[in-house]
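Numbering (the working numbering), first residue to last: 4 to 265.
Each residue gets a CB set at the ideal place from its N, CA and C atoms; glycine is no exception.
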Ligand SMILES: NC(=O)c1ccc[n+]([C@@H]2O[C@H](COP(=O)([O-])OP(=O)(O)OC[C@H]3O[C@@H](n4cnc5c(N)ncnc54)[C@H](O)[C@@H]3O)[C@@H](O)[C@H]2O)c1
């Protein structure tokens, strides 16, 4: 049976853990050849590194070491995908870090680091990928007007305030904007650019992410009776990366159990 991403090459940043790991797995199971770009292969929630786990199932998944805040790493990650597989159809910008500090506690260095990874990283990876995508023919099996797809992982935080995390929320607001900007500027060249905005997703993150007061806050904000799973986000990312999403661009798709509807 052929999958929804059969024959496509996808680069997934942050694919070592959490949501990015689930996206890499879902894409590979749908037929994509996947390259994971991450600073580490360690899995925050525990387990075998993503590329080893999926490769052991016979799926074409590999890893490239990259810090998305570094321009040379971003260029090298795209170059690695092209060298290994000859084309790049899908970029998922998932890598991000949190800080958990309000304005008065956030140092200049902390602000710079969060923005460098979460926003500049998306800019650098997207620029490197789109630079190539606009030069390639659409894959034979794809709609003839789609040369490449960008799927950014944003957040509900960025549309509404991220309590006590000014740098993170600001970075995610920037990602939502960048998504629309790229969608508009490169539509004529066949680039679809969308985002998925997760609500509270339980991943392997520790610290603030699992502090009882933030878990309680998330439940209070989420009409759906459970919090999110990485697979919830992966399903939405798959839709936006697949031929099922045509004539959809500049969208920021909430996967938040209704958080933003409340
Ligand atoms: N978990 C949530 O509740 C939630 C909610 C909204 C949005 N998000 C977004 O979803 C995405 C994934 O979140 P998660 O919970 O899976 O996080 P996570 O911490 O489990 O995974 C993040 C991954 O990014 C990688 N990474 C971090 N800095 C990097 C860098 N500089 N270069 C390359 N890779 C780097 C990490 O090594 C890790 O593999 C992020 O963009 C996050 O902002 C998460």
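*Per-residue DSSP class, three states only, for residue 130*: The sequence position of residue 130 within the chain shown is 127, counting from 1. Secondary structure at residue 130: helix, using DSSP grouped into helix, strand and coil.
*Are residue 5 and residue 23 closer than 9 Å when you measure CB to CB?*
Taking the chain shown and counting its residues from 1, the one referred to as residue 5 is at position 2. Taking the chain shown and counting its residues from 1, the one referred to as residue 23 is at position 20. Between residue 5 and residue 23, the C-beta spacing is not below 9 Å.
_Nearest residue (CA-CA) to residue 105, options 111, 170 and 118_ = Sequence index remark: in the chain shown, residue 105 carries index 102 (1-based). For residue 105, the nearest C-alpha among the options comes from 170.
*Classify residue 188 as helix, strand or coil using the three-state DSSP reduction.*
For this step, residue 188 is matched to residue 185 along the chain shown. Under the three-state reduction of DSSP output, residue 188 falls in the helix class.
*asked:* Pairs of beta-carbons, one from the region 170-190 and one from the region 220-234, closer than 8 Å: are there three or more?
replied: No, they do not touch.
*asked:* Does the distance between the C-beta of residue 254 and the nearest non-hydrogen atom of ligand 1 fall short of 8 Å?
replied: Locating residue 254 in the chain shown gives position 251, counting from the first residue. The answer is no for residue 254.
*Do you know how far the Cα of residue 126 is from the Cα of residue 134?*
As a position in the chain shown, residue 134 is number 131, starting the count at 1. As a position in the chain shown, residue 126 is number 123, starting the count at 1. Rounded to whole angstroms, the gap between the alpha carbons of residue 134 and residue 126 is 12 Å.
*Can we say the region 8-21 touches the region 134-145, given the rule of at least three CB pairs closer than 8 Å?*
Verdict: yes, contact present.
*Cβ-heavy atom distance between residue 214 and ligand 1 below 8 Å?*
Here residue 214 corresponds to residue number 211 of the chain shown, with the count starting at 1. Exclusion of residue 214 from the 8 Å shell around ligand 1 follows from its C-beta lying no nearer than that to any non-hydrogen atom of the ligand.
_4 or more residues per run - each alpha helix (DSSP H) lying fully within the region 225-258_ = Qualifying alpha helix (DSSP H) stretches, in chain order: 233-244.
*Starting from the C-beta of residue 156, find all residues in its chain whose C-beta is less than 6 Å away, skip the five residues before and the five after it, and write them out in chain order.*
Here residue 156 corresponds to residue number 153 of the chain shown, with the count starting at 1. Around residue 156: 97 and 199.
*What beta strand (DSSP E) runs, 3 residues minimum, are completely inside the region 156-207?*
Complete beta strand (DSSP E) runs here, min 3: 194-201.
_Here's a check: name, in chain order, each residue in its chain whose Cβ is nearer than 6 Å to the Cβ of residue 243, leaving out the five neighbours to either side._
Here residue 243 refers to the residue found at position 240 of the chain shown. Excluding residues within five positions, the ones whose Cβ falls inside 6 Å are 154 and 197.
*asked:* Once DSSP output is grouped into helix, strand and coil, what is the label at residue 64?
replied: To locate residue 64, count along the chain shown from 1; it is residue 61. DSSP, read as helix, strand or coil, puts residue 64 in strand.
*How would you label residue 150, buried or exposed, when you count the other beta carbons within 10 angstroms and need 16 or more for buried?*
Taking the chain shown and counting its residues from 1, one reaches residue 150 at position 147. Buried.
*Taking all protein chains shown into account, do 16 or more other C-beta atoms lie within 10 angstroms of the C-beta of residue 192, making it buried, or fewer, making it exposed?*
Counting from one through the chain shown, the residue named residue 192 turns up at place 189. The residue is exposed, with fewer than 16 neighbouring Cβ atoms inside 10 Å.
*asked:* Here's the rule I'm using: 16 or more other beta-carbon atoms within 10 Å means buried, otherwise exposed. How should residue 265 be labelled?
replied: By one-based count along the chain shown, residue 265 stands at place 262. Result: exposed.
*Give a single yes or no on whether residue 43 has its beta carbon closer than 8 Å to a heavy atom of ligand 3.*
Of the ligands this structure carries, namely ligand 1, none is ligand 3.
*Sequence-distant residues of the same chain with beta carbon closer than 6 Å to residue 29, five excluded per side*: Walking along the chain shown from the start, residue 29 turns up at place 26. Same-chain partners within the cutoff: 237 and 241.
*Would you identify the three-state DSSP class for residue 25, choosing helix, strand or coil?*
Here residue 25 corresponds to residue number 22 of the chain shown, with the count starting at 1. Residue 25 falls in the helix class under three-state DSSP.
*Relative to ligand 1, is the shortest distance from any of its heavy atoms to the C-beta of residue 200 smaller than 8 Å?*
The sequence position of residue 200 within the chain shown is 197, counting from 1. At least one heavy atom of ligand 1 sits closer than 8 Å to the Cβ of residue 200.
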